[in-house]
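Q: If you're matching them up, the sequences are chains A and B in order. Quick note on the numbering used here: the first sequence kicks off at 14 and runs consecutively. Quick note on the numbering used here: the second sequence kicks off at 7 and runs consecutively. Where is the CB? At the ideal position from N, CA and C, for every residue including glycine.
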Amino acid sequence: MTDVFQAEGLGKTYPGVRANDAVSFAVGPGEIHALLGENGAGKSTLVKMIYGLVRPDDGAMTLLGAPHAPADPRAARAAGVAMVFQHFSLFDALTVAENVALGMENPPPRTDLARRIAEVSQAYGLPLNPARRIASLSAGERQRVEIIRCLLQDPRLLIMDEPTSVLTPQEAEILFATLRQLAAQGTAILYISHKLDEIRTHCDRATILRHGKVVGTVDPRAHSARELAAMMVGAEMRVVDRSGRVPGAEILAVSGLSAAGLRGVSLTLRAGEILGIGGVAGNGQEALLAALSGEEPTAPGTVVMDGTDLSAMGPEARRRLGLLAAPEDRLGHAAVPEFSLAENTLLTAGARQGLVRHGLVDHGAARRFAEAVIRAFDVRTPGPGTAAGALSGGNLQKFVIGREVLGKPRVLVVNQPTWGVDAGAAAQVRQALLDLAGNEAGVIVISQDLDELLELSDRFCALNEGRLSAPRPTEGLSLEEIGLMLGGAHGMEVAHVPA
Amino acid sequence: MMTVLILLMGAATPILFAALGELVVERAGVLNLGVEGMMIGGALAGFAAAHATGSPAVGFAVAALAGAALSMLFAVMTQYLLSNQVATGLALVLFGLGLTAMFGKPYEGVKAPAMMAGPLGLNGMIWLGLALVPAVWWGLTRTRPGLILRAVGENHDAAHALGYPVRRVRILAIAFGGAMAGMGGAYVSIATVLQWTEGMTAGAGWIALAIVVFAQWNPWGVLAGAWLFGGVTVLQLRLQAAGVAVPVQLLSMAPYLATILVLVLISARQKFGRSGGGSAPGSLGRSFHALR
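#1: What are the residues that DSSP puts in a beta bridge with A/V374?
#2: Cβ of B/E32 less than 8 Å from any chain A Cβ?
#3: Just checking: is the beta-carbon of A/G345 within a distance shorter than 8 Å of some beta-carbon in chain B?
#4: Any C-beta of chain B sitting closer than 8 Å to the C-beta of A/A114?
#5: Measuring only between beta-carbons, confirm whether B/H295 sits less than 8 Å from chain A.
#6: Note down, in chain order, every chain B residue with its Cβ under 8 Å from the Cβ of A/L126.
#7: Under the three-state reduction of DSSP, which class applies to A/A136: helix, strand or coil?
#8: Using DSSP with H/G/I as helix, E/B as strand and the rest coil, what is A/H46?
#9: Could you give the first and the last residue of the continuous alpha helix (DSSP H) run that contains B/S77?
#10: In or out: B/G249 buried (at least 16 other Cβ within 10 Å) or exposed?
#11: Less than 8 Å between the C-beta atoms of A/P69 and A/G24, yes or no?
#12: Let me check one thing: in DSSP terms, what residues is A/I457 bridge-paired to?
#13: Per DSSP, what kind of secondary structure is A/D34 in: helix, strand or coil?
#14: Looking at the structure shown, is A/N514 part of a helix, part of a strand, or coil, going by DSSP?
#15: Drop a sphere of 10 angstroms on the beta-carbon of A/G407, count the other beta-carbons inside from all chains shown, and report buried for 16 or more, exposed for fewer.
#16: My output table needs one value for A/Y64: the three-state DSSP class, helix, strand or coil.
#17: Is the distance from the Cβ of B/A187 to the Cβ of B/M45 below 8 Å?
#18: With distances taken from CA atoms, which of A/R90, A/R146, A/A127 and A/L209 is nearest A/L103?
#19: Can you grab the Cα-Cα spacing for the pair A/Y543 / A/I130, in whole Å?
#20: When you check each C-beta in the segment 148-160 of chain B against every C-beta of chain A, which residues fall closer than 8 Å?
#21: Which residues, taken in chain order from the segment 157-186 of chain B, show a beta carbon closer than 7 Å to some beta carbon of chain A?
#22: Name the two residues that bound the continuous beta strand (DSSP E) containing A/I172.
#23: Residues of chain A with a CB under 9 Å from the CB of B/G300: which are they?
#24: Using a Cβ cut-off of 8 Å (strictly closer), state whether A/G65 contacts chain B.
#25: Going by DSSP, name the residue or residues bridged to A/Y204.
#26: Leaving out the 5 sequence neighbours to the left and right, which residues in its chain are closer than 6 Å to A/L337 when beta-carbon positions are compared?
#27: Note down the Cα distance separating B/L11 from A/N477, rounded to an integer number of angstroms.
#28: Just to make sure I have the definition right: I need the residues of chain A whose C-beta is within less than 8 Å of the C-beta of B/S285. Which are they?
#29: A/V524: which of A/G43, A/G41, A/I172 and A/T58 sits nearest, CA to CA?
#30: Alpha carbon to alpha carbon, how far is B/A56 from B/A70?
#31: Who does A/V267 pair with in a DSSP beta bridge?
#32: By the three-class DSSP mapping on this structure, what secondary structure does B/G27 have?
#33: Are the C-beta atoms of A/E111 and some chain B residue less than 8 Å apart?
#34: Hey, does A/P86 have any beta-carbon neighbour from chain B nearer than 8 Å?
#35: Residues of chain B with CB closer than 7 Å to the CB of A/F98, please, in chain order.
#36: Tell me which residue opens and which closes the beta strand (DSSP E) that A/D71 is part of.
Shown next as structure tokens:
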């Protein structure tokens, strides 16, 4: 059996970073090959080289026995490489058919193309209407467009970059069924993910990258998720410790909260409890955070903390009372990129830490508080004078979360606390949230990462099209049940996949 | 009635050209606010060439080249040096106005060669403008280059990821927009006023920009907008001629007021939900920089 694709000693250097160094691996026909690594391990650079978006500095690639050195993605597509991107490479204002045509070298005339899209989507159980506009499709449907765009070119090597990060578990199952079907027809599949369970269930081999180098190629089924993670990170992962927490009295009550994007949301939160709120992006997560943090004041009586009605108060008034929040968008929402870390502490911690006196900023105090956050949360940065925008995603997230946690909140609301953060920093952030709950604060974690929610939360509810499901104790909740909670109001019928 | 219609078409043509060009530029994701500057450049260059050769046709061809040349300044600044598109466009307006004021001095008081009237009493440029509306529509929606251009304007990162040359597509679109603005400007000097005066395009470039928004980036809407503007212009001239007891200044304002009114109505309709988020190209006005 000859390999479909081979990489030999691939290397790529960006200014200051060796993104890939002597990377070698091979993918055989019909194989689903996982590419595993932390953020910044060089996975994206590697696949961009295969797809012709980036030219390698050294090394060589072979595709179907012939040298593979594509000058641009069109050359790569012509050679038989197709790619489904992590951030969809779709055009919202264009139709499905137009999007598919843009991904093909010689698209057939419009009517033929519509017919072929219909044929392929039937054959793979991925129903799609070629005339629909992308803007009106769900995340799962958008991904179908990307996949069908690839399939129409009969690729020999299909690259999938973190395809399940935006899908519900049911949608992910449909995807895997499609991938199995493709592999059975002999297509080689390169599958990028950092979801270890997914890789252990569905992939035949896994190549693990760390700091741009190949650590090893293993059979993921023969290793535990813990072992794979250890290989990715290079050290034993810290296991999150959730012991020693006893939920206390109710501190926050939200009832009948309706705002832009939210419909009658009600929830309660007790001291020492972590409430997890799951859901696919765009179902009201940001609106919920804004309503809780005070960015969007709501109707009287909808947000009550310790018997005080906060509904009409702005964020600063709520912070004084102990309701703190960390939004999803680190740069631009939680922090000002051009400001130094010390200046960024003033954004939310000004009142609680006494950083502003008589209307004047106490720069010394701000600096000391920033240093305290940096020390307590192991933020890797030269110092509090560094601009927030210069920090890596993980380090900035540690800083943002740390700034709120050190503010000793009564209630902390976080949205996507570990989005785009490498595994080591993610574990630290999660541990900080658990420790906070251990100190009798209430924590609401809004996230799309189900594993994270299962690991952290005492109770779990799902946010769908602005509605919040009734909370369920996390203990004993299966992934299947969660999928149903998430998918119920997702408005998408689960497609039937022929066996 | 026929003469009114001819007057209307004449008044609409400069704006129709400039707005069609700008529409293509904006569909490629570039906001070139320098339309007024490219129009005035075309107005002078076209007038000078027509005067020198005695041929209006040569005048329009030279005007197209001049407009495209000015637009290339904008293209180099925004596409290679990644300067801010709004600031660069505004600078282009001031540059065009100043440059033509300087080089236009010898042409003041000179008469333009006569344009030949074509079928139905409409000259060739009016017909060309009318023909370009369906041509631009067809090109954008039915051809592959048009699809690629829209893709680049909608999401330049995705277009780049698929291997399309974002920068090259945009530069070509900017050149087309410049040529169209140049011809629009030349229509004012060669066919409408028949002489050169400083600053003679008198804000037509700004109206063209507004009409692109008014048209929701659709060529047929541009035609409607240009006619609306032309109609109000002709109407106010007629009212002035008829001696209506309204100050001339107020009447001269009418076309501009009409444009503002229409834009307010469109924005209000979008805000209150009729057509959702509007149809502006997704990457409009954003600089593109690829890491390679």
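A: According to the data block:
#1: Residue mapping note: residue 374 of chain A aligns to position 361 of the first sequence, counting from 1. Note: A/V374 sits in a beta bridge opposite A/V369.
#2: Here residue 32 of chain B refers to the residue found at position 26 of the second sequence. With 8 Å as the cut-off, B/E32 does not count as an interface residue toward chain A.
#3: Start at 1 with the first residue of the first sequence, and residue 345 of chain A comes out as number 332. Output row for A/G345: interface = no.
#4: Along the first sequence, read from residue 1 onward, the residue named residue 114 of chain A stands at position 101. Yes - at least one Cβ of chain B is within 8 Å of the one on A/A114.
#5: Reading the second sequence from its first residue, position 289 is the one you call residue 295 of chain B. So no, B/H295 is outside the interface.
#6: For the purposes of this step, residue 126 of chain A is taken as the residue at position 113 of the first sequence. Per Cβ cutoff of 8 Å: no residues; A/L126 is ~12 Å from chain B at best.
#7: What you label residue 136 of chain A is simply residue 123 of the first sequence in a count that begins at 1. In the three-state reduction of the DSSP assignment, A/A136 falls in the helix class, which pools H, G and I.
#8: Position 33 of the first sequence, counted from the start, is the residue given in the question as residue 46 of chain A. The answer is strand: DSSP assigns A/H46 an E or B state.
#9: Sequence index remark: in the second sequence, residue 77 of chain B carries index 71 (1-based). From DSSP, the alpha helix (DSSP H) with B/S77 extends over P62 to A81.
#10: The count along the second sequence starts at 1 and reaches residue 249 of chain B at position 243. That one is exposed.
#11: Position 56 of the first sequence holds residue 69 of chain A. Position 11 of the first sequence holds residue 24 of chain A. Yes, these two residues count as a Cβ contact at 8 Å.
#12: Along the first sequence, read from residue 1 onward, the residue named residue 457 of chain A stands at position 444. BP columns for A/I457 point to A/L288 and A/V426.
#13: For the purposes of this step, residue 34 of chain A is taken as the residue at position 21 of the first sequence. Looking at A/D34 - three-state DSSP - the assignment turns out to be strand.
#14: Chain A is shown from 14 up to 512; residue 514 of chain A falls before or after that span and cannot be answered.
#15: Stepping through the first sequence from its first residue, residue 407 of chain A is reached at position 394. Around the beta carbon of A/G407, a 10 Å sphere encloses 16 or more other beta carbons of the protein chains shown; the residue is thus reported as buried.
#16: Working through the first sequence from its first residue, we reach residue 64 of chain A at position 51. Here A/Y64 sits in coil by DSSP.
#17: Position 181 of the second sequence holds residue 187 of chain B. Position 39 of the second sequence holds residue 45 of chain B. In this structure, the beta-carbon distance from B/A187 to B/M45 falls below 8 Å.
#18: As a working mapping, residue 103 of chain A is identified with position 90 in the first sequence. The shortest Cα separation from A/L103 among A/R90, A/R146, A/A127 and A/L209 belongs to A/R146.
#19: Since the first residue shown for chain A is 14 and the last is 512, residue 543 of chain A is missing from the structure and cannot be characterised.
#20: Contact residues of the segment 148-160 of chain B toward chain A are R150, L153, I154, R156, A157 and E160 (C-beta to C-beta distance below 8 Å).
#21: Taking 7 Å as the Cβ-Cβ cut-off against chain A, the residues of the segment 157-186 of chain B that qualify are A157, E160, N161, A164, A167, L168 and G169.
#22: Residue numbering aside, residue 172 of chain A sits at position 159 when the first sequence is read from its first letter. A/I172 -> beta strand (DSSP E) spans L170 to D174.
#23: In the structure displayed, chain B extends from 7 to 298; residue 300 of chain B sits before or after that span and is not available.
#24: Locating residue 65 of chain A in the first sequence gives position 52, where the first residue counts as 1. In terms of beta-carbon proximity, A/G65 lines the interface with chain B, with at least one pair separated by less than 8 Å.
#25: Locating residue 204 of chain A in the first sequence gives position 191, where the first residue counts as 1. Answer by DSSP bridge pairing, in chain order: A/A47 and A/M173.
#26: The residue given as residue 337 of chain A occupies position 324 in the first sequence. Leaving aside the five residues that flank A/L337 on each side, the residues in its chain whose CB is nearer than 6 Å to its CB run, in chain order, E417, G420, P422 and L425.
#27: On the second sequence, residue 11 of chain B is found 5 positions in, with the first residue counted as 1. On the first sequence, residue 477 of chain A is found 464 positions in, with the first residue counted as 1. If I take the Cα positions, the gap works out to 56 Å.
#28: Your numbering for residue 285 of chain B matches position 279 in the second sequence. Ordered by position in chain A, the residues that pass the 8 Å Cβ test against B/S285 are A106.
#29: Residue 524 of chain A is absent from the structure shown; chain A starts at 14 and stops at 512.
#30: Sequence index remark: in the second sequence, residue 56 of chain B carries index 50 (1-based). Sequence index remark: in the second sequence, residue 70 of chain B carries index 64 (1-based). Looking at the two C-alpha atoms, the distance is approximately 13 Å.
#31: Residue mapping note: residue 267 of chain A aligns to position 254 of the first sequence, counting from 1. A/V267 is bridged to A/L280 and A/V316.
#32: Along the second sequence, read from residue 1 onward, the residue named residue 27 of chain B stands at position 21. Three-state DSSP puts B/G27 in a helix.
#33: Counted from its first residue, the first sequence places residue 111 of chain A at position 98. By this cut-off, A/E111 is an interface position.
#34: Walking along the first sequence from the start, residue 86 of chain A turns up at place 73. With 8 Å as the cut-off, A/P86 counts as an interface residue toward chain B.
#35: Translated into positions along the first sequence, residue 98 of chain A becomes position 85. In chain order, A167 make up the part of chain B whose C-beta sits under 7 Å from the C-beta of A/F98.
#36: Taking the first sequence and counting its residues from 1, one reaches residue 71 of chain A at position 58. D71 to L76 is the span of the beta strand (DSSP E), which, as asked, contains A/D71.
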